[in-house]
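So the structure is just underneath, and the comments pick up after that.
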Amino acid sequence: MKKIYLVRHGESQWNPIKKIQGQTDIPLTKKGLNQAHLIGNRLISENIDKIYSSDLKRAYTTAKIIGNKIKLEVTIMKEFREINFGIWEGMTNEELLQNFYDEIQIWRRNPEKLSLEKSESLQMLQERAMKGINNIIAENKEKSNILVVSHGATIKTIILGLLNIDLTHFKNLTISNTGLTIIEFREYNPVIKILNDICHLKECL
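Okay, here's the thing in structure tokens:
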């Protein structure tokens, strides 16, 4: 394998109103669909060999639009779902600050330490996501370029996992809607070539 391309889904209906989604299955907005077409156009010349996607519709729809442009089917993997935010899902930022002020401060400053009722920790998320990545690497030894369409928190834990960077640095990354990250596998170690690039979105910003 030469490269793993990581793409976050397009804008969902809950993104602009700042509701916590987690694994709640929210569709894309019209803008999100347009973003998916734009990242698809960008990837046409990248010689992608295979596409994997979270099963949540905001990611899968994004992946399908990309796949239609580069003539590839999409393989669904639940390992690439977003983090399960438990009781936070469906809440706005304002509601979280009113009802979970202390926990929000932990999430912002030390997210790897957050523990919520019926939710996943960052460690649990990373173990799930990296299991998926490692399976892909094992199954595609002859493939050059693999695309994974997923979610913000999930992609951040994958980046840290592939680069062997501690989860304490999760808070130092940001991933935008259809932000593109490319990790290249070299002889001795993987390197990050592009991080959260959104130059393809200048048509719809």
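Position one of the sequence shown corresponds to residue -17 (the numbering used here), numbered consecutively onward.
No residue lacks a Cβ here, since even glycine has one placed at the ideal position from N, Cα and C.
Computed from a prediction, not measured in an experiment: that's the story for all the values here.
Residues bridged to I165 (per DSSP): On the sequence shown, position 183 is the one that residue 165 refers to. DSSP, once it has assigned bridges, lists I(-14), I174 as partnering I165.
Give the DSSP-derived three-state secondary structure of S101 in the structure shown. Sequence index remark: in the sequence shown, residue 101 carries index 119 (1-based). Of the three classes helix, strand and coil, the one that applies to S101 here is coil, per DSSP.
Output needed for L144: all residues of its chain with C-beta closer than 6 Å, excluding positions within five of it in sequence on either side, in chain order. Within the sequence shown, numbered from 1, the residue matching residue 144 stands at position 162. Same-chain partners within the cutoff: I165, P172.
Where do the N-terminal and C-terminal ends of the alpha helix (DSSP H) with N81 fall, by residue? Reading the sequence shown from its first residue, position 99 is the one you call residue 81. That run of the alpha helix (DSSP H) goes 75 to 81.
For L144, report the span of its alpha helix (DSSP H) as first-last. In the sequence shown, residue 144 corresponds to position 162, counting from 1. Here the alpha helix (DSSP H) through L144 covers 134 to 144.
7 Å Cβ shell around Q(-5) - same chain, five flanking residues per side excluded: As a working note, residue -5 is residue 13 in the sequence shown. Around Q(-5): I8, P9, T11.
Supposed close pair L54, I30 - CB separation, criterion 8 Å: Against the sequence shown, residue 54 aligns to sequence position 72. Against the sequence shown, residue 30 aligns to sequence position 48. With a Cβ gap of about 6 Å, L54 and I30 count as contacting.
Sequence-distant residues of the same chain with beta carbon closer than 6 Å to G161, five excluded per side: Translated into positions along the sequence shown, residue 161 becomes position 179. Excluding positions up to five away in sequence, the list reads R(-10), N178, I180.
Can you tell me whether DSSP reads Q32 as helix, strand or coil? Within the sequence shown, residue 32 is the residue found at index 50, counting from 1. Reading the sequence as shown, one finds Lys at residue 32 and not Gln. In this structure, DSSP gives K32 an extended state, which the three-state scheme calls strand.
From N116, L79, E28, residue whose alpha carbon lies closest to that of K1: Walking along the sequence shown from the start, residue 1 turns up at place 19. The option with the nearest alpha carbon to K1 is L79.
In the DSSP assignment, find the unbroken alpha helix (DSSP H) run with T57 in it and report its ends. For the purposes of this step, residue 57 is identified with residue 75 of the sequence shown, where counting begins at 1. Note, T57: premise wrong, no alpha helix (DSSP H); beta strand (DSSP E) at 56 to 58.
Determine the contact status of T156 and L(-12), defining contact as a CB-CB distance below 8 Å. The residue labelled residue 156 in the question sits at position 174 within the sequence shown. The residue labelled residue -12 in the question sits at position 6 within the sequence shown. Result no, Cβ atoms of T156 and L(-12) do not sit closer than 8 Å.
Classify M106 as buried or exposed, calling it buried when 16 or more other Cβ atoms lie within 10 Å of its own Cβ. Looking up residue 106 in the sequence shown gives position 124. Classification of M106: exposed, given that the 10 Å Cβ count is below 16.
Inter-stretch contact (C-beta, 8 Å, three-pair minimum) for the region 48 to 62 and the region 100 to 119: By the C-beta criterion, the region 48 to 62 is judged to be in contact with the region 100 to 119, since at least 3 inter-stretch pairs fall below 8 Å.
Out of N146, I118, S158, R24, which has the shortest C-alpha to C-alpha gap to K(-16)? One-based indexing of the sequence shown puts residue -16 at position 2. Looking at the Cα atoms, I118 is the closest of the given residues.
Close beta carbons around G(-8), own chain, < 6 Å, minus the five adjacent residues each side: Numbered from its first residue, the sequence shown carries residue -8 at position 10. Around G(-8): L10, G14, Q17, A18, T44, N159, T160.
Classify L25 as helix, strand or coil using the three-state DSSP reduction. Along the sequence shown, one-based indexing puts residue 25 at 43. DSSP places L25 in helix when its eight states are reduced to three.
Report the rounded CA-to-CA distance for N146 versus L20, giving the unit in angstroms. Sequence index remark: in the sequence shown, residue 146 carries index 164 (1-based). Sequence index remark: in the sequence shown, residue 20 carries index 38 (1-based). Whole-angstrom Cα-Cα distance: 31 Å.
Report the CB separation of L104 from L38 in whole angstroms; it is logged as a contact under 8 Å. Walking along the sequence shown from the start, residue 104 turns up at place 122. Walking along the sequence shown from the start, residue 38 turns up at place 56. L104 to L38, Cβ: 18 Å. No contact.
Can you name, in chain order, every residue of its own chain whose Cβ lies under 8 Å from the Cβ of Q108, other than the five neighbours on each side? Working through the sequence shown from its first residue, we reach residue 108 at position 126. Taking C-beta separations shorter than 8 Å and ignoring five residues to either side along the sequence, the partners of Q108 in its chain run T139, I140, L142, G143, L149, following chain order.
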